[in-house]
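One structure is given here, and the rest of the page talks about it.
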Amino acid sequence: MDAALTPPRVGHHAAVEFSGKPVPVDWDAVESWLGRPLPGDYKAIASEHGPLDIGEFVWLHVPCVEAGRFDWGEWVKQTRSVADAPPHLVPWGATRGGGYLFWDSSVDADPARWPVVGFGHDTGWHDYGTSLSGLLEEAVRTALPGLGPLPASARRTAFLPDARPWTPPPPVDSSPGRKRALAGGTGLAALRDLVVPPARPVLGERTWEWLYGELGTSLPADYVALVETYGSGTFADWLRVWAPLDPHGLLDMSRGALDGNRQLRAEFPEYHPLPLWPEPGGFLPFGDSIDGDQLGWLTRGEPDEWPLIFAPRHADQGPPLDGPLADTLLEWLRGRLVLPGFCRFGRYDDPLDYAAFAPRR
464 MDAALTPPRV GHHAAVEFSG KPVPVDWDAV ESWLGRPLPG DYKAIASEHG
514 PLDIGEFVWL HVPCVEAGRF DWGEWVKQTR SVADAPPHLV PWGATRGGGY
564 LFWDSSVDAD PARWPVVGFG HDTGWHDYGT SLSGLLEEAV RTALPGLGPL
614 PASARRTAFL PDARPWTPPP PVDSSPGRKR ALAGGTGLAA LRDLVVPPAR
664 PVLGERTWEW LYGELGTSLP ADYVALVETY GSGTFADWLR VWAPLDPHGL
714 LDMSRGALDG NRQLRAEFPE YHPLPLWPEP GGFLPFGDSI DGDQLGWLTR
764 GEPDEWPLIF APRHADQGPP LDGPLADTLL EWLRGRLVLP GFCRFGRYDD
814 PLDYAAFAPR R
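Following this note's numbering, the numbering of the sequence shown begins with 464 at its first residue and continues without gaps.
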């Protein structure tokens, strides 16, 4: 149970009742990872109370981690990417309204003078012109753009009941080979240089002959080479490749996806125009995204002639893609693939931060 702590005063006119249990923070390590110091009022609140739900609307995030739920470093990276925020904007919170809260570190060398700025997808950017403490004081007294008036309370973030100390991740591999692969090169060899394959790719326990018999067709050689290199898993935490030789992998997943696509096509044919395997030239998926999109082939001609096609969940269907699978992945991971519905990195993101493969466990 969270212990009630002495309510600290926030500013000169309002007090927020804080309750929460602290999570130890190595501030030297945190600030070294960020490359800048952090405001003292934030560090004081975070050190004494841990992650907080302020006024039942603002989440104040602190350096902590809870398995399967939250990793502060990942949250910082993803928040900057989602808001397309330049490096001088440092995220510290989020709102139940879908907004994000940052400090603008470009204003002054002294973190105590950093003003809070907010971002919302519908409202854009807003400069609150005050510090974290000043913002909390104002938000419990009056309505601000996207905030307040808030109840004068701050409790432990409900979805982080067992948060643990956060440790900075290892530095991103920026070796010359990865940088060369980021700049140029084609094919599976360049992809291997950019994205290190797992030592033991997970394909499944069956054989290619078994899969081809079940499907009634062989598959493109470039796909076979790629999955024999990487196995089943997820590229850039977004694009999942199904296990081809697992009965519950590509075979079951593609059948389920195609059944769903048939239902959607029957109800909304104008939005789902693709023929579906085993129809002639039909769409045959081999992977999906965390957003429910699908990647596969149009099965026209021989397997090595099949063009790739992306079936977006939240965008109109586009034409087939040009080029082989490995080159398509390379263009995406380099930040050059512009395709409706396909995950794009922010303009301030470093592609090397995202060019990774997580094998299925």
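Beta carbons are placed, not taken as given, at the ideal position from N, Cα and C, and that holds for glycine. Model, not experiment: these values are computed from the prediction.
Does the beta-carbon of residue i have 16 or more other beta-carbons within 10 angstroms, so that it is buried, or is it exposed?
i	result
Gln-757	buried
Trp-522	buried
Ser-637	exposed
Arg-472	Note that Arg-472 scores a pLDDT of 46, beneath 50, so its modelled location is shaky; the value from the coordinates is reported in the next line. Burial call: exposed.
Val-827	Absent from the model: residue 827. The displayed extent of the chain is 464 to 824, so no value can be given.
Ser-569	exposed
Ala-646	exposed
Tyr-734	exposed
Phe-731	exposed
Asp-585	exposed
Ile-772	buried
Asp-785	exposed
His-524	buried
Trp-743	A small correction: the amino acid at residue 743 is Pro; Trp does not occupy that position in the sequence shown. With fewer than 16 Cβ atoms within 10 Å of its Cβ, Pro-743 is classed as exposed.
Arg-543	buried
Measure how close the beta-carbons of residue i and residue j come, nearest whole angstrom, since I'm counting them as under 8 Å.
i	j	result
Arg-532	Phe-622	6 Å
Leu-657	Leu-793	7 Å
Glu-691	Pro-664	7 Å
Arg-703	Gly-750	5 Å
Ala-492	Pro-631	5 Å
Val-580	Trp-588	6 Å
Pro-528	Trp-535	Before going on, a small fix: residue 528 reads as Val here, not Pro. Confirmed, about 6 Å.
Quick one: Cα of residue i to Cα of residue j, how far?
i	j	result
Pro-683	Pro-783	15 Å
Ala-617	Asp-516	5 Å
Pro-500	Ser-594	15 Å
Leu-737	Gly-745	7 Å
Val-801	Pro-614	44 Å
Asp-779	Tyr-591	38 Å
Gly-562	Phe-582	6 Å
Asp-709	Arg-669	6 Å
Ala-478	Val-539	Model confidence at Ala-478 stands at a pLDDT of 49, short of 50, so the residue's coordinates are unreliable; what they give is reported in the following sentence. Taking the straight line joining both Cα atoms gives about 28 Å.
Glu-768	Arg-619	56 Å
Gly-611	Gly-781	43 Å
Arg-716	Trp-705	Note on identity: in this sequence residue 716 is Met, with Arg being the wrong assignment. So the alpha carbons of these two residues sit roughly 8 Å apart.
Pro-502	Lys-484	20 Å
Pro-822	Gly-518	40 Å
Output yes or no for whether 9 Å exceeds the beta carbon distance between residue i and residue j.
i	j	result
Ala-626	Gly-513	yes
Phe-808	Tyr-693	no
Thr-697	Pro-766	no
Glu-677	Leu-714	yes
Tyr-817	Leu-796	yes
Quick one: any contact between the segment 647-655 and the segment 541-553, if contact means 3 or more CB pairs under 8 Å? no
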